[in-house]
Amino acid sequence: MRMKEEQFCLIKAQIKKLMGQGGFYSKKFAGIDPDSLQSQEDFEKLPFTWKGDLRDAYPLGLQAVPDEEVVRIHSSSGTTGTPVIIPYTKKDVDDWALMFKRCYEMAGVTARDRIQITPGYGLWTAGIGFQAGAELLGAMAVPMGPGNTDKQLRMMMDLKTTVLTATSSYALLLAEEIARRGIGEQIHLKKGIIGSERWGEKMRRRIASELGVQLYDIYGLTEVYGPGIGMSCEHECGMHYWDDYIYCEIINPKTGELVPDGEIGELVITTLRKEGAPLIRYRTHDLTRFKLGDCPCGSPYPRIDTLIGRTDDMTKVKGVNIFPSQIDELLRDIPGASSEYQVMIDHLNGKDIMTLFVEAEPGMDRKILGANIGMTFKSKIGISISVKPVAIGELPRSEKKSTRIFDNRY
Ligand code: ZN
Numbered sequence: 004m005r006m007k008e009e010q011f012c013l014i015k016a017q018i019k020k021l022m023g024q025g026g027f028y029s030k031k032f033a034g035i036d037p038d039s040l041q042s043q044e045d046f047e048k049l050p051f052t053w054k055g056d057l058r059d060a061y062p063l064g065l066q067a068v069p070d071e072e073v074v075r076i077h078s079s080s081g082t083t084g085t086p087v088i089i090p091y092t093k094k095d096v097d098d099w100a101l102m103f104k105r106c107y108e109m110a111g112v113t114a115r116d117r118i119q120i121t122p123g124y125g126l127w128t129a130g131i132g133f134q135a136g137a138e139l140l141g142a143m144a145v146p147m148g149p150g151n152t153d154k155q156l157r158m159m160m161d162l163k164t165t166v167l168t169a170t171s172s173y174a175l176l177l178a179e180e181i182a183r184r185g186i187g188e189q190i191h192l193k194k195g196i197i198g199s200e201r202w203g204e205k206m207r208r209r210i211a212s213e214l215g216v217q218l219y220d221i222y223g224l225t226e227v228y229g230p231g232i233g234m235s236c237e238h239e240c241g242m243h244y245w246d247d248y249i250y251c252e253i254i255n256p257k258t259g260e261l262v263p264d265g266e267i268g269e270l271v272i273t274t275l276r277k278e279g280a281p282l283i284r285y286r287t288h289d290l291t292r293f294k295l296g297d298c299p300c301g302s303p304y305p306r307i308d309t310l311i312g313r314t315d316d317m318t319k320v321k322g323v324n325i326f327p328s329q330i331d332e333l334l335r336d337i338p339g340a341s342s343e344y345q346v347m348i349d350h351l352n353g354k355d356i357m358t359l360f361v362e363a364e365p366g367m368d369r370k371i372l373g374a375n376i377g378m379t380f381k382s383k384i385g386i387s388i389s390v391k392p393v394a395i396g397e398l399p400r401s402e403k404k405s406t407r408i409f410d411n412r413y
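At position 355 of the sequence shown the residue is numbered 358 (this note's numbering), and the sequence of numbers has no breaks.
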């Protein structure tokens, strides 16, 4: 994608400012002359910013403005060690709400809607972002936070909530609970806005039909404002992102080179207007691709695809990148295949060999199932594999997120 003139000017001005004031980027970019940045190609030679850099800056090493300008902090989940703290100025908070309002508008949500907010509030960026955007739009925000399903459903019925915002798993839980209690008639939902995570088509269809709503994907990450920097429209063909606030690149996660437009790679984001903690070339670890061409909705904002996975999950076989999400998706559409599988990758006589063990539903002819999966794999993912159906329960179960791909090549 070509960088717009305005984006380049904003980025260059930002880098100059950051390098002139000491702190995070003057250290990171030490030895680089900001005046030598003359083109997109120069920008693309700048080093990436990693989550590890942000952790090393804990607690407030990223702060790029004087204390009196910081009005709030958020923190990304500290499940893996030191958390990351992101300071926000008044303008950052306002800009984020404005982007979030755009997201609601992209989904056709108006001031007449009632928005039930189930993502969490607090250090996490989710709940408060949904709330600020709803208020700026003029809709009625119902700030529930997560959990307490009884109360969620009661509010949903009594207040006649029209928009549900949730993670995909919580939306599914609520949908199932509504079906179980037989209260579908008393639910007035029209739209569901689901936070960015990878979720399968089968789950999407189930939530949409159980709740009787149209679903929208919202994208974002705490390091870059939070959710609300991108949003799908009614045509469900990727997510529009706000290119007046962020600049996106898609790179090969292994080499760091830009991939050709339209190919899958890791999303790298540069903030254009952020004050509290601007980020240059931040590696998100999210895998996606640019969607090329105009969207039927007519929006001028460019699009990235709904998330395909995380870079940590990717593996390459016979020259083709494979993500667990693709295998999940593929098996979901094959009758007789359960969701449980394991992949072994070996290297024999100069060739990669991929073997897919999959649990077959009881009564399923394993030979037919194996052939069906093999054919589908070849046509959808592009390589030939060996499929070995096994009985339900034969593959190991784990309480933790189980490892499904075993690479024995190295
Ligand atoms: Zn669109």
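Ideal Cβ placement from N, Cα and C applies to all residues, glycine included. If you're wondering where the values come from, they're calculated on a predicted model, not measured in any experiment.
Which listed residue (the options) has its alpha carbon closest to that of residue i
{"i": "T318", "options": "I283, E180, D297, I356", "result": "I356"}
{"i": "F360", "options": "I376, S382, V320, L351", "result": "I376"}
{"i": "T52", "options": "S29, V73, I131, V68", "result": "S29"}
{"i": "P62", "options": "M367, G84, K48", "result": "G84"}
{"i": "I307", "options": "M242, S79, E71", "result": "M242"}
{"i": "I186", "options": "Q17, D161, S78", "result": "D161"}
{"i": "E47", "options": "G229, P399, M6, A100", "result": "M6"}
{"i": "P50", "options": "V346, R286, L21", "result": "R286"}
{"i": "W99", "options": "K154, K163, Y248", "result": "Y248"}
{"i": "S389", "options": "P399, I348, I395, P365", "result": "I348"}
{"i": "G279", "options": "K94, D297, E9, G136", "result": "K94"}
{"i": "R58", "options": "A142, S42, I88", "result": "I88"}
{"i": "I118", "options": "T128, G301, I254, F103", "result": "F103"}
{"i": "V320", "options": "T358, Y304, L275", "result": "T358"}
{"i": "I253", "options": "L295, E72, S212, G229", "result": "L295"}
{"i": "D331", "options": "E362, L175, T164", "result": "E362"}
{"i": "G25", "options": "V68, G231, D38", "result": "V68"}
{"i": "G123", "options": "W245, G312, G229, R209", "result": "G229"}
{"i": "T121", "options": "L167, R105, A114, E108", "result": "L167"}
{"i": "D116", "options": "P305, Q134, S212", "result": "Q134"}
{"i": "P392", "options": "L372, T309, P399", "result": "L372"}
{"i": "M378", "options": "G396, H350, I337", "result": "I337"}
{"i": "P86", "options": "H350, G55, I311, K154", "result": "G55"}
{"i": "S235", "options": "G111, E364, P399", "result": "G111"}
{"i": "I384", "options": "V323, P399, L275, M367", "result": "V323"}
{"i": "E179", "options": "D153, G198, K163, I232", "result": "D153"}
{"i": "K354", "options": "I386, D45, L101", "result": "I386"}
{"i": "K381", "options": "Q329, I232, S78", "result": "Q329"}
{"i": "K20", "options": "C298, P305, R276, D368", "result": "R276"}
{"i": "M159", "options": "R183, H191, S172", "result": "H191"}
Cβ-heavy atom distance, residue i to the ligand ZN, below 6 Å
{"i": "C298", "result": "yes"}
{"i": "S328", "result": "no"}
{"i": "S302", "result": "yes"}
{"i": "C236", "result": "yes"}
Whole-angstrom C-beta distance between residue j and residue i, which should lie under 8 Å
{"i": "L282", "j": "E226", "result": "6 Å"}
{"i": "V346", "j": "F409", "result": "7 Å"}
{"i": "G268", "j": "L290", "result": "7 Å"}
{"i": "I221", "j": "G195", "result": "Between G195 and I221 the Cβ distance is about 10 Å, and since that is not below 8 Å, they are no contact."}
{"i": "Q155", "j": "L175", "result": "At roughly 13 Å, the Cβ-Cβ gap does not stay under 8 Å, so Q155 and L175 are not in contact."}
{"i": "A169", "j": "A142", "result": "The Cβ separation is near 16 Å, so there is no contact."}
For residue i: DSSP bridge partner residues
{"i": "F119", "result": "According to the sequence provided, residue 119 is Gln. The question's Phe does not apply to it. DSSP output for Q119 lists V145, L167 as bridge partner(s)."}
{"i": "P62", "result": "The partner list for P62 (beta bridge, DSSP) is empty, contrary to what the question assumes."}
{"i": "S235", "result": "M242"}
{"i": "P90", "result": "I76"}
{"i": "E269", "result": "I254, L290"}
{"i": "G223", "result": "P230"}
{"i": "T274", "result": "I249"}
{"i": "Y124", "result": "Y124 pairs with nothing; no bridge assigned."}
{"i": "Y28", "result": "Y28 pairs with nothing; no bridge assigned."}
{"i": "A394", "result": "A363"}
{"i": "D410", "result": "I348"}
{"i": "T52", "result": "Y285"}
{"i": "L261", "result": "I254"}
{"i": "S389", "result": "T358"}
Item checked: Every unbroken beta strand (DSSP E) inside the region 150-221 [3 residues or more] -> 166-169, 194-198
Note to self: Give the list of continuous alpha helix (DSSP H) stretches no shorter than 4 residues that lie fully inside the region 303-369.
What the structure shows: 327-335
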